[in-house]
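In full-length UniProt numbering, the protein residues as written are 1 to 257.
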């Protein structure tokens, strides 16, 4: 709970001591000023639900933890029976291929029946095991993908001036690891050696960022995303590792990055 919110509810009421440690998303510590107890009224219960809040001198909103959100019936965790991992599901290849309309030819199709799921016209028996998914969709779990839309062009401001930074000093004991990582990125097609003169030698992101024309792109807020998830029951977590590597630059832009 932010301190300003605590003061709006309780004034200068003294906080109780606590030993709970709080860290932000980047794992930096946040000073915990103390603890208080609040009553939360929800539409699911006539009786208020009591919740313990850790108070910090930060901006933002009240954040409910998993157990508190479950206690006040904001979320629920349905019981899910894990699939058996003892065998590989049988694939039925005799099923007729689904034929979507021409306007939907590029859209993925999914039909779920009692004991099978049909993805893009191919039938897969349920339950789907981890081993089966990794084997059947092997191509989706290898290498670095590319986002659709073609290569991206970085637009610079008319007054932008190229900068050339000197090479960064690397400790001798780390040179081998740096060289191995650069060679790995080259083999993946993420980077490539630059031969010949280039106006930009940029090792400091703020210098380049200050020279870029910004494309206006609206990003939804947490509240908007939360409203769209209303009524949802099942959630999954996707770790977008190396996300920026999936945006391929055109030749001109790659020489200034």
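Idealized CB from N, CA, C, for every residue including glycine.
| Asked | Found |
| --- | --- |
| Contact with chain B by residue 220, beta-carbon distance below 8 Å | Protein chain content of the structure displayed is limited to a single chain, and chain B is not contained in it. |
| Through-space distance from residue 3 to residue 100, alpha-carbon basis | Residue placement at residue 100 is flagged as unreliable, the pLDDT there being 40, under the threshold of 50; the coordinate-derived value follows with that caveat. For residue 100 and residue 3, the distance between alpha carbons rounds to 56 Å. |
| Nearest-angstrom Cα separation, counted from residue 110 out to residue 51 | 42 Å |
| Per-residue burial, residue 230 [other beta carbons within 10 Å of its own, 16 or more giving buried] | exposed |
| DSSP three-state assignment for residue 36, whether helix, strand or coil | strand |
| Cutoff 7 Å; reference residue 273; Cβ partners in own chain excluding five residues on either side | Since the displayed the chain opens at 1 and closes at 257, residue 273 lies outside it and no answer follows. |
| Residue 154 and residue 256 closer than 8 Å at C-beta | yes |
| Proximity of residue 9 and residue 30 at Cβ, strictly below 8 Å | no |
| Proximity below 8 Å, CB of residue 246 to CB of residue 147 | yes |
| Cβ separation of residue 64 and residue 151, assumed to be a contact under 8 Å, to the nearest whole Å | With a Cβ gap of about 43 Å, residue 64 and residue 151 do not count as contacting. |
| Cβ-Cβ separation, residue 78 to residue 181 (assumed contact under 8 Å), whole Å | With a Cβ gap of about 43 Å, residue 181 and residue 78 do not count as contacting. |
| Beta carbon of residue 188 nearer than 8 Å to that of residue 143 | yes |
| C-alpha gap between residue 53 and residue 74, whole angstroms | 16 Å |
| Where residue 186 sits in the DSSP three-state scheme | helix |
| Own chain, CB closer than 6 Å to residue 69, minus 5 neighbours either side, in chain order | 75 |
| Euclidean distance between Cα positions of residue 243 and residue 42 | 39 Å |
| Status (buried if at least 16 other CB within 10 Å, exposed otherwise) for residue 55 | buried |
| For residue 160, the nearest candidate out of 251, 67, 213, 120 (CA to CA) | 213 |
| N- and C-terminal bounds of the alpha helix (DSSP H) containing residue 133 | 130–136 |
| C-alpha gap between residue 184 and residue 145, whole angstroms | 16 Å |
| Residue closest to residue 198, alpha-carbon to alpha-carbon, out of 168, 210, 253, 28 | 253 |
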